[in-house]
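First the structure, in the form of structure tokens, and then the observations on it.
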Amino acid sequence: MKKIIMISAACFLTAHVFADDIEATVTTAAYGENNGTITLSITAGVAPYSIVWTGPDGFTSTEEDITNLVPGEYCVLVNDFYCGTAELCVTVEEEPYVSIDHITSDNIQVYPNPFSCQLRISMHTGRADEYVFHFSDDTGKEIYSEKHYLPAGENNLQINVPETHVSGNLVLRITDNGDKAITKQILHIK
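Dropping the structure here:
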């Protein structure tokens, strides 16, 4: 009987994990992607901890940090060795949809301009998508095109335009999968 009382006393006198003893750092998911993350930080209590996460679509995990998350609310229940309990709910947000409609020609850097055969393009995309880079002459005739799958975020690519056409003004037209386009004037020199 004495041991039971001592164990019970230890349960009530030992530092426990409480709600304000856990924090979560949340990384937003890219639009249409399952790449949100939650990193849990437990600052009190006595290990080992029992961790149970729940989330959207029946999601469950017993890992401290969870990854590849869809947007939605995730709740964690943490129990420490001496019966301390903490619960925390956080939301993984989703970045807004950004199509090529939201990209202006000012957000696309094309250099060098003028160029001879090699062109560098820097642009920020709001989501991963396939983009087609079309090069047309002054008459609107397409002289070259190239497809690139670009991840969401800042992208830098290099395009080698064949020297099969004469020097002069060109139009660079960038289209996404929805055939939305943005154009930029460039100058080709031989």
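Reading the sequence shown from the start, the letters are residues -3 to 186 in this note's numbering. For glycine and all other residues, C-beta sits at the position ideal for the given N, C-alpha and C. What you are looking at is a predicted structure, and each value in this text was computed from that prediction instead of being measured.
| Item | Value |
| --- | --- |
| Coarse secondary structure for N109, derived from DSSP in three states | coil |
| Of the listed residues V162, D134, D125, nearest to K143 (C-alpha basis) | D125 |
| For I34, the first and last residue of its enclosing beta strand (DSSP E) | 32 to 38 |
| Short Cβ contact (8 angstroms threshold) for I117 with I178 | no |
| For H120 and V42, the rounded distance between their alpha carbons | 46 angstroms |
| Cβ separation of H184 and L166, assumed to be a contact under 8 angstroms, to the nearest whole Å | 5 angstroms |
| Contacts around N64, its chain only, beta-carbon distance under 6 angstroms, and the 5 residues preceding and following it disregarded | N30 |
| D53, buried or exposed, once every other Cβ within 10 Å from all chains shown has been counted against 16 | exposed |
| Per-residue burial, Y145 [other beta carbons within 10 Å of its own, 16 or more giving buried] | exposed |
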